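Chains as they are written, first to last, in full-length UniProt numbering: chain A, 1 to 433; chain F, 1 to 433; chain C, 1 to 433; chain D, 1 to 433. C-beta atoms are modelled at their ideal positions from N, C-alpha and C, and glycine is treated no differently. The structure presented is a predicted model; accordingly, all values stated were derived computationally and were not measured. Structure first, commentary second.
There are 4 protein chains.
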Amino acid sequence: MTDFFKGIPQIIYEGPQTDNEFAFRHYNPDELVMEKSMKDHLRFACAYWHSLAWPGGDPFGGQTFERPWFGDTMELARLKADTAFDMFQILDVPFFCFHDADVRPEGANYAENTRNLEAIVEYFGEKMEATGLQLLWGTANLFSHRRFMAGAATNPDPEVFAFSAATIKSCMDATHKLGGQNYVLWGGREGYETLLNTDMGRERAQAGAMLQMVVDYKHKIGFDGTILIEPKPQEPTKHQYDYDVATVYGFLKDFGLEGEVKVNIEQGHAILAGHSFEHELALARELGILGSIDMNRNDYQSGWDTDQFPNNVPEMALAFYEILRAGGFTTGGTNFDAKLRRQSLDPEDLILAHVGGMDACAAGLKAAAAMLEDGKLEAAREERYAGWDSEAGKALLSSDLASIEKQVREKDINPLPRSGRQERLENLVNRYL
Amino acid sequence: MTDFFKGIPQIIYEGPQTDNEFAFRHYNPDELVMEKSMKDHLRFACAYWHSLAWPGGDPFGGQTFERPWFGDTMELARLKADTAFDMFQILDVPFFCFHDADVRPEGANYAENTRNLEAIVEYFGEKMEATGLQLLWGTANLFSHRRFMAGAATNPDPEVFAFSAATIKSCMDATHKLGGQNYVLWGGREGYETLLNTDMGRERAQAGAMLQMVVDYKHKIGFDGTILIEPKPQEPTKHQYDYDVATVYGFLKDFGLEGEVKVNIEQGHAILAGHSFEHELALARELGILGSIDMNRNDYQSGWDTDQFPNNVPEMALAFYEILRAGGFTTGGTNFDAKLRRQSLDPEDLILAHVGGMDACAAGLKAAAAMLEDGKLEAAREERYAGWDSEAGKALLSSDLASIEKQVREKDINPLPRSGRQERLENLVNRYL
Amino acid sequence: MTDFFKGIPQIIYEGPQTDNEFAFRHYNPDELVMEKSMKDHLRFACAYWHSLAWPGGDPFGGQTFERPWFGDTMELARLKADTAFDMFQILDVPFFCFHDADVRPEGANYAENTRNLEAIVEYFGEKMEATGLQLLWGTANLFSHRRFMAGAATNPDPEVFAFSAATIKSCMDATHKLGGQNYVLWGGREGYETLLNTDMGRERAQAGAMLQMVVDYKHKIGFDGTILIEPKPQEPTKHQYDYDVATVYGFLKDFGLEGEVKVNIEQGHAILAGHSFEHELALARELGILGSIDMNRNDYQSGWDTDQFPNNVPEMALAFYEILRAGGFTTGGTNFDAKLRRQSLDPEDLILAHVGGMDACAAGLKAAAAMLEDGKLEAAREERYAGWDSEAGKALLSSDLASIEKQVREKDINPLPRSGRQERLENLVNRYL
Amino acid sequence: MTDFFKGIPQIIYEGPQTDNEFAFRHYNPDELVMEKSMKDHLRFACAYWHSLAWPGGDPFGGQTFERPWFGDTMELARLKADTAFDMFQILDVPFFCFHDADVRPEGANYAENTRNLEAIVEYFGEKMEATGLQLLWGTANLFSHRRFMAGAATNPDPEVFAFSAATIKSCMDATHKLGGQNYVLWGGREGYETLLNTDMGRERAQAGAMLQMVVDYKHKIGFDGTILIEPKPQEPTKHQYDYDVATVYGFLKDFGLEGEVKVNIEQGHAILAGHSFEHELALARELGILGSIDMNRNDYQSGWDTDQFPNNVPEMALAFYEILRAGGFTTGGTNFDAKLRRQSLDPEDLILAHVGGMDACAAGLKAAAAMLEDGKLEAAREERYAGWDSEAGKALLSSDLASIEKQVREKDINPLPRSGRQERLENLVNRYL
């Protein structure tokens, strides 16, 4: 153990009545929920970037955190990794996630970046071996360095495309080597600041070509994880091409990749796109592209990505309800893409923020399972659409306007509305919480 | 002429210096812009619903307008039509648009609705013949009547689907008969209020089936106009399936209809979806589905559809710039889906609001044409992407990650960012205004 | 009993485990919470307008509800009142609230309006006598009729000011006669649509004069209830003068009325103004003007007043925590300014929506009380500011820049930041839920 | 001259027809508008922070700009000042503005900060003497350093209050010494992240005490500039106490400082608070607290402070119309609180962004003056309120509810609404553009 978390105990489940801040009140890893352990349902992951690499800055202020591993050497990168694994173990999460730039010092060029990455991947490998920790996903940071300011795949400069492609290769290699279960693409700079200097047609084609190469490379190296796109509407870029789930789906269809690529949905990104988290989850489920989630909360009244730890259990319940309806995660999981408030300086804060988030998810999962097992919601929904299961209902969908019109005229079809019962169903949901 | 507009003169072009409120300052129908008359570029249409049918209510107050044609008889419907055509002629617009419910009294059932509609279509036909007015598009109102409260095509009750299909047929027939150039589908109730009572998968399938029937019926009757979907993210419904252009595109691809259906883009709807109008136009152009526009402005700071007459010329210029870059309208046009403020009670207000909106569009069009003809913006954009036209650039798009990575390593590709020059380009745009 | 709610039982408390939809799970009227009954803490009221008078329309659709009392006669107004009191009794709420326009038919002029109001007030008086129901507050609807389209007190036409003043008098008389505990002013049309036609200085002065007259009249007639202003930022009006609590406070200070008038805070209005509900409550408490609340929820992602029944208990807990910290209600209470979704057509929906809302409030109240009684949050807050209780801390506030600067220099004051512990406190709150 | 702007010419007025990017098309400093030169109307200032000190970072990416003066030594601070004054002269702006942290290296403590500041103030003094440049305002940066993370005046730690007070003193001294015309307070951290750890009552009292000390110190040292508060609703802080103009006004009234302090209104901050810029200007004018403006534009669809250079002339016209109606600036001016997009790397971009912004303001000013001189808008507004100038209208405001009610009854006052003519007035505004 490093010194950073000294004095902080291993977090274990003590149940709802505990007074102990450093204990789970809802997350009980081996407890069965719908015949699967909570651990296997939730598949929690910590995000390296927010917890280990973020200095606490915001647009109007600099670093607030003082971490012993901040700095740009391989030695500090290893100290950071040591602390990271301490944290993962204290929290008993089975997974973690990283960008290349989170884990290795920035090099002077591609070759040095890759050497640094490979060294730290080696180090991770040993630690994963020793601890049983697993990699939920890896990804390339193609947005922080100034070379990416005008995009990575969608850059007007083909050399940036090339640099990005090489970097993605190195990160896919690293993810593959570490047995990662998914590889994620978040296009934080894939979009535009102003249409005035943008050729949207070219940029779309570039993005499509890059995605095809990623899929091809996956198959070439035998990586059997899932390729995931993470939608976000804007920020940092004024408009990002992967706006939301529906937009990503259209893009995948356009390039014929809807069978190869899924989505990693973040609550905060959903909200910034004007959707509820459960909307994005339900839509991805219906489109067959639900992959994984980035769990956080976003202040509905702050117009940027606040990436807060989740704490509203009723919201979690609605989210996990959609995930359970999709059959749960396969390669995906629940990654805390959440950061401490920049005033939360203490090591305890970092642990307890995760504890609270994990408990909120666990409580939500249990409520969602109860909703499904009870079946009242499903029954109400099925009853509402029952007409479509009749012969007449089924026939309608393959009919034509003229025939239907004839029917309407002949039978004087003049339907009366029926109550949608929204409030009753909302009351029902509250019973499980 | 009816009495309603008594004393209001025919609006003609008098140029920017005129002091006459009742004159165009920018819209000069026969003036050539990029070798086409302004009339043929802009293809202005008045919207029957806002101008003739809207009583001035809002969620906290009732009717403010007192129009002699308000009421539910065929006689009043004809008086409404008479006044409408007076207005179209005073404004010298070439087109108008309508929903069935705007133009005919509501009947007790489908048959009566259709009889009423057919009678008024007959009446329209005579008036169009007499005046040369044309129909830009027709559409069915499948959202105001209580039977549609839970959706039309996407209703849980198949009878509502049937009633909707029949109504669409009658409206397509009407549009076809009147030589309409497009047929529009706006799904104001196609979406959900709460996921709790909604089966999104079924509803999507229902919407797809209905759209397929519409396309089939178009071909069956030989209607050679364009089928248009009008995206809107929400309002009245909490979530609408046709959220924005990208969402509609994904939907069309899913049902294989992207070659059959285009979009009718409204500025206000774009804004409510978090996009600029020009974004939606540019995206539709790149996807090959740009059809027509609903012109209005939306208060950026009111979170609902304010449907105001457009008045900000710089915004119009950016919009028409994207339309001109797409080659201009074919069957589409510029429909004022804009309504008077409910305090603007006088007949003069109705005329002058259109005059101001038409002038704003005309001024925007002229600025957009100047931008294109000058070519400085295009040149700057092309220069920015010039690297992609080189052999190396072109080769990149059909390469693969491993080969590119090798290149990056070998040539130590380490690109430096170049200025995006946004402010210079914004200054440039201001020169044409 | 009227027929409307036939078959719906009296709602009683059955506890969290009940399966009965028609029972309270948390609201137990006589249960003591912090030594006061829940009934006296919460002081629930039903809103006549949404539940009895609203037809279910929205900006894109008309009436969906079909109520036997809809219409414009005194007889129907009495049927409406009968049904209202049935509902109040089924729900066992102690209070109700109304606008004049909710309860009486619209007359042809002021005199007829007032006659109608007086007749129904008489009728209410008998029913209140018989049932023990009380009036939480009365108010005048100065926004629905077209005469108010440009404002009531702030209208450019002094005759509208006069009509409004007379109407307020009649509503204050009615409220006084019925023993109302507050009188509310909501300025839905007091604001502007466009600055171009608005004299903000005059309108402010008019609003101040009217408020002064209201306060004077209260004293004249010996009404000992509280005068309340209800802030809202916009909708229906583009900008409303009573934007939020802080704005109302500045206005009261300007006219020297901060000791005479308090605020009625609505969750939905707080959200539309960019604030959390608890912010507005805490601010009003600190400014000494917290009066009463309008309880609902607003969809954070719909930009208009959605007025939904509350259902998120964690949000309720934070709200009642601020109310309890203010010492609880005196003349104020918890009015459900919430309306059914327009698809919720059935009488059961109306009852159950209130049941769910009352339970959400009750659960929130209990959690808030537990938070306060436990004292951990208060202790953490006090510890955080403890430095200000030291002699040095106290002295600082009455010092001056030059003296303080001397101290900073001499003692080399160079403070280090301390953790704000936000996530720990959020976890703590979740313990009480 | 330093090398940075080498090759960039002095910007002079060449008129609307010029093809020269490096020339003013509208801003003609000595041209008279309403009998005052444009220079004296607009009183342009450059903001040191954005133009000289900002590295181009955003929440997802680091520095993009590479400026020769970046670094933390006094020598570099002087190079920065040299470049700054080069820029001011190239642009021919009469004023500049700065925070202490923009102009001096960060020291280890208050004493070193102040020594550094004094040295640079000395250097500024010489340069101002040599060039005629003036200081529009100075201010203290009490938000970037981690010590201010929980507030300056409103910090839970009295030592931070003390440090802040000392720093304000040093900045007021600097501003006074340089003949600054105003002193600004922006409370970027004066607010809260979560109510859970916040004592709003204490924090308000602390803020009031600090403001009183600032006013006292102003009088003590004989500074005859204006003290200005700059409202902003949020960002970086979740809620900031100086939310908007109305909120600041209530705060000033509470502490009796409404005669001593005015507001510095920023377009972007107005928008983030849900207001139009012109609303905030008009309100401040009516309340007698309009001081100065921070000119920029904010993307209406990005929920954070985008601080872009203004370019929409119609918006500028409405803003300067309100400023002219207030009698124009006295000590205030037009400060470009605007930053380059982070992709605009070149020295030319920095100059041209200002040129475009100055031209947009100048064009707006000229249009606003034309509107006022023509008088049609004023006439329409006066006509609308004319009833209030009658004897009866005047009497109404000092009457009482009972007397007015008697009048309404006796005269059967039943006012009819009149058109508000919004679209006509909007058309009218477009004539002057």
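| field | Backbone secondary structure at residue 403/F - three-state DSSP | value | helix
| What residue from 118/C, 363/C, 263/C, 188/C has the CA that sits closest to residue 148/C's CA? | 188/C
| message | Can you check which of these residues, 73/D, 74/D, 60/D, 89/D, is closest to residue 44/D by C-alpha distance? | response | 89/D
| Quick one, are the C-beta atoms of residue 307/F and residue 50/F less than 8 angstroms apart? | yes
| CA-CA distance, residue 397/C and residue 14/A? | 46 angstroms
| field | When 198/F, 209/F, 144/F, 17/F are compared against residue 400/A, the one with the closest alpha-carbon | value | 209/F
| Interface partners of residue 268/F on chain C, CB under 9 angstroms | Within chain C, no residue comes near residue 268/F; the closest Cβ sits about 12 angstroms away, beyond 9 angstroms.
| Partners in chain F for residue 217/A, counting only beta-carbon separations shorter than 9 angstroms | 400, 401, 402
| query | Does the stretch 175–190 of chain A come within contact of the stretch 151–161 of chain A, defined as at least 3 CB pairs closer than 8 angstroms? | reply | yes
| So, is the C-beta of residue 278/A closer than 8 angstroms to a C-beta in chain F? | yes
| Going by C-alpha distance, which of 236/C, 228/C, 23/C, 235/C is nearest residue 248/C? | 228/C
| task | Could you check the C-alpha separation between residue 427/D and residue 181/F for me, to the nearest Å? | result | 31 angstroms
| field | Beta carbon proximity, residue 283/A to chain F, threshold 8 angstroms | value | yes
| Under 8 angstroms, do residue 357/A and residue 329/A count as touching if we go by C-beta distance? | no
| request: Check residue 254/C in the structure and name its three-state DSSP category. | output: helix
| field | residue 34/D (DSSP reduced to helix, strand or coil) | value | coil
| task | Report the neighbours of residue 309/A on chain C: residues whose CB is nearer than 8 angstroms to its CB, in chain order. | result | 423, 426
| field | Burial state of residue 236/D, where buried means 16 or more other Cβ atoms lie within 10 Å | value | buried
| message | According to DSSP, residue 265/A sits in a beta bridge with which residue or residues? | response | 293/A
| said: Tell me the rounded alpha-carbon separation between residue 37/A and residue 431/A. | reply: 23 angstroms
| Distance, residue 290/C Cα to residue 203/D Cα | 19 angstroms
| query | Pick from 283/A, 33/A, 299/A: whose alpha carbon is nearest that of residue 195/F? | reply | 283/A
| said: Can you pull out the residues from the stretch 192–210 of chain D whose beta carbon lies closer than 9 angstroms to at least one beta carbon of chain A? | reply: 193, 194, 197
| chain C contact residues for residue 355/D, given Cβ-Cβ distances below 9 angstroms | Those do not exist, as residue 355/D stays about 29 angstroms from chain C at its closest Cβ, beyond 9 angstroms.
| query | What does DSSP give as the partner residues of residue 335/C in its beta bridges? | reply | 45/C, 294/C
| Residue of 359/C, 217/C, 96/C, 346/C minimising C-alpha distance to residue 28/C | 359/C
| query | Based on Cα-Cα distance, which residue from 144/D, 109/D, 63/D lies nearest to residue 102/D? | reply | 144/D
| request: Please name the residue, chosen from 274/F, 367/F, 331/F, that lies closest to residue 316/F on a Cα-to-Cα basis. | output: 367/F
| request: Would you tell me roughly how many angstroms separate the C-alpha atoms of residue 136/C and residue 96/C, rounded to the nearest one? | output: 6 angstroms
| query | Beta-carbon separation of residue 166/D and residue 120/D under 8 angstroms? | reply | no
| said: In whole angstroms, give me the CA-to-CA distance for residue 215/C and residue 263/C. | reply: 14 angstroms
| query | How would you call residue 17/F, buried or exposed, if buried means at least 16 neighbouring beta carbons within 10 angstroms? | reply | exposed
| CB contact flag (residue 23/C, residue 11/C, <8 angstroms) | yes
| task | Under 7 angstroms Cβ to Cβ from residue 39/D, same chain only, skipping five residues before and after it: list those, please. | result | 29, 30, 94
| query | DSSP puts residue 134/C in a beta bridge; with which residues? | reply | 95/C
| said: Can you tell me whether residue 58/C is helix, strand or coil according to DSSP? | reply: strand
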